[in-house]
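**Q** Residue numbers for the sequence shown, in mature numbering (1 follows the signal peptide of the UniProt record, and there is no 0): -27 to -1, 1 to 309.
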Amino acid sequence: MDCCVASALCCVAALWLLAHLVGFVVADADFTLLWATLVGHRPEAKLKGLVVWVTGASSGIGEELAYQLAKCGSRLVLSARREDELTRVKRRCLESSDLEDGDILVLPLDLLERTSHEEKTKTVIQYFGHIDVLINNGGRSQRSLCLETSVDVYQALMELNFLGTVSITKQVLPHMTQRGTGSIVTVSSVVGIAGAPLATGYSASKHALQGFFNSLRTELTEYPRILISTVCPGPVQSQIVNNAFTEDLNRAVATVGNQEHKMPTSRCVRLMLVGIANGVKEMWIAQQPFLLFYYAWQYAPTFAWFVTNMLGRKRVQNFKAGLDADSAYFTKPKTS
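(1) Which residue from A2, L222, T238 puts its Cα closest to that of Q128?
(2) With R152 as the anchor, note down where its alpha helix (DSSP H) starts and where it stops.
(3) Straight-line CA distance for V50 to S239?
(4) Between which two residues does the beta strand (DSSP E) harbouring R48 extend?
(5) Helix or strand or just coil, what does DSSP make of T308?
(6) For the alpha helix (DSSP H) holding G184, just list the boundary residues, first then last.
(7) Do you know whose CA, among L264, L133, T275, V253, lies nearest A9's CA?
(8) Look at S161 and C205 and say whether their C-beta atoms are less than 8 Å apart.
(9) Leaving aside the five residues before and after L78 along the sequence, list all residues of the same chain whose C-beta is less than 6 Å from its C-beta, in chain order.
(10) Would DSSP call G75 helix, strand or coil?
(11) Judging by CA-CA distance, which residue of A53, Q261, P197, N134 is the nearest neighbour of R113?
(12) When we look at the beta-carbon of K95 and count the other beta-carbons within 10 Å, is it buried (16 or more) or exposed?
(13) Which residues does DSSP pair with C205 in a beta bridge?
(14) Could you tell me which of A167, I104, A181 sits nearest to V139, measuring between CA atoms?
(15) Tell me where the alpha helix (DSSP H) around N291 begins and ends.
(16) Any idea if T194 is buried or exposed, counting beta-carbon neighbours within 10 angstroms, 16 or more meaning buried?
(17) Are the segment 56 to 70 and the segment 255 to 263 touching, with three or more C-beta to C-beta distances below 8 Å?
(18) Is DSSP giving T122 helix, strand or coil here?
(19) What's the gap between the Cα of S69 and the Cα of N215?
(20) Could you tell me which residues DSSP puts in a beta bridge with V158?
(21) Report yes if the CB atom of L6 is closer than 8 Å to the CB atom of V242, and no otherwise.
(22) Name the DSSP bridge partner or partners of residue 362?
(23) What residue from Q183, A30, S211, V25 has the CA that sits closest to V164's CA?
(24) Compare the beta carbon distance of P170 and V289 with 8 Å and say whether it is the shorter of the two.
(25) Which residues in the same chain have their Cβ closer than 6 Å to the Cβ of Y267, if we skip the five residues on either side of it in sequence?
(26) In this structure, does DSSP put Q212 in helix, strand or coil?
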């Protein structure tokens, strides 16, 4: 009898492991987040009526956040530098949802103008009365080799991605602690967990955000209803490469490759909203094989260094050959 029970338990364990292995092969997010998509709260139920402030809302992930939040019934504050683009996004939100004109506030914002952030926050609170969710999405990426990159580029990346985000957070957080509730969600990156070539400054700014918000979360344990969440996407279809810094502040990216191999922006944003609705503190969002890197860096860093160095060498070689940095993983350099 004991042998039968042991055999049965072994079979169950084997099936359980097999199911998880199959699930991991097709996964595009960490298991906590995927579990929330299956059995957790739906964003349409949890986010309806909430006031959500989205920075970087004029394109890419921020723009898609606006559209999906509008369909969830959230009241929106849309911020970025380009007011005309924000107006376009607002118009599309109204066309695709039941929101009315007064439910969406277009609020131009420059993350570099930190002296304006207090007044911008007061404007939001005066308009809606409160802020339920702040999504720190604004920022720029980088595509350049360290040896060729001006220190001014590194300063600009830290000023924008890190200090700009911290500044807005510092203005909104006292309002949330006073109310005892709220969510601050910050879009980091896979390179906020593990470095990547051609993005030394960008990676540094995202590592800084990870450290800041991980520390902040521990400071706010007396406010259990305030969520501090970081989102770590892998390659996603967006305009982030188009606007990336290069070796000089005023030089544009020479080559923007095909985006088809990257995760659709709509899927990334849907997973983000599920994570927000279910209070997920850190979200890993990426298709395979990129998702594997998150787990490798977490649980097998020696192996992760080996793979990262191997792929990093290929990435740099292909970048020097004139290929897009991201598509270089899937494209062979041209030979004469």
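Glycine included, each C-beta is placed from N, C-alpha and C at the ideal position.
Keep in mind it's a predicted model, so treat the numbers as computed, not measured.
**A** Put simply:
(1) L222
(2) Per DSSP, R152 belongs to the alpha helix (DSSP H) from 138 to 152.
(3) Cα-Cα distance, rounded: 20 Å.
(4) 48 to 52
(5) Because T308 carries a pLDDT of 40, less than 50, the predicted location of this residue cannot be relied on, and no value is offered for it.
(6) Residues 173 to 192.
(7) V253
(8) yes
(9) V50, Y100
(10) helix
(11) N134
(12) exposed
(13) W257
(14) A181
(15) Where N291 is concerned, the enclosing alpha helix (DSSP H) starts and stops at 274 to 293.
(16) exposed
(17) Touching, no, given that fewer than three Cβ pairs across the two stretches are closer than 8 Å.
(18) coil
(19) 27 Å
(20) I108, S202
(21) Not in contact: L6 and V242 (Cβ atoms no closer than 8 Å).
(22) Outside the modelled stretch of the chain, which goes from -27 to 309, sits residue 362, for which no answer is possible.
(23) Q183
(24) yes
(25) W257
(26) coil
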